[in-house]
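Have a look at the structure below before the remarks.
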Amino acid sequence: MEALRLILLFVHLIGFALLLGGAIAQFLSGKFRINPAVLWGSIIQLASGIGLAAPLRGGGDAEPSPIKLGVKLLLAVLIFIMVFIPRKRENVNKGHFIGIITLTLANAAVAVFWR
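Residue 6 is where the sequence shown starts when you use the working numbering, and the numbers rise one by one after that.
This is the structure in structure tokens:
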């Protein structure tokens, strides 16, 4: 089971790289639109995050807090909604785009700093 958890974690990190990297690349280009990297990154993050939240470690102190998992799920769903709905628009509001980047960084911060 540990190998499966590590594979899911690897896929989750790839999703994070796609989501954040794609969003920052679009932001720096000055054209605010949802590119395929951002869309697929959000999908991969949500799917692999749900897989990582499954009880694969056998319980005990190694299990993450259910509240932490709930917060991360809420942030991931919000990011997915913010990416999925305007995905076909030519331009997205700059504030909306900054919100996607901010929520992505907040989700990573929850993962790293919440023990």
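Backbone N, C-alpha and C define an ideal beta-carbon position, used for all residues, glycine too. In this text, all values refer to a predicted model and were calculated from it rather than measured experimentally.
Whether residue i touches residue j by CB criterion (8 Å)
i      : j      : result
PRO91  : VAL82  : no
GLY27  : ALA42  : yes
LEU74  : LEU14  : no
LEU80  : ASN40  : no
PHE102 : SER47  : no
TRP45  : LEU23  : yes
MET87  : GLY104 : yes
Alpha carbon of residue i to alpha carbon of residue j, nearest angstrom
i      : j      : result
ARG10  : ALA59  : 9 Å
GLN50  : GLY20  : 5 Å
ALA116 : HIS17  : 12 Å
GLU68  : ARG120 : 11 Å
ILE106 : ILE12  : 25 Å
ARG38  : ALA52  : 23 Å
LEU33  : ALA114 : 22 Å
ARG94  : LYS36  : 12 Å
GLU7   : THR109 : 26 Å
ILE29  : SER70  : 30 Å
Burial state of residue i, where buried means 16 or more other Cβ atoms lie within 10 Å
i     : result
LYS77 : buried
ILE72 : exposed
Interface flag, residue i vs chain C, CB-CB below 8 Å
i     : result
PRO41 : Absence of chain C from the displayed structure is noted, only one protein chain being present.
What residue ranges within the stretch 33-104 form continuous beta strand (DSSP E) runs of no fewer than 3 residues, ordered along the chain?
none
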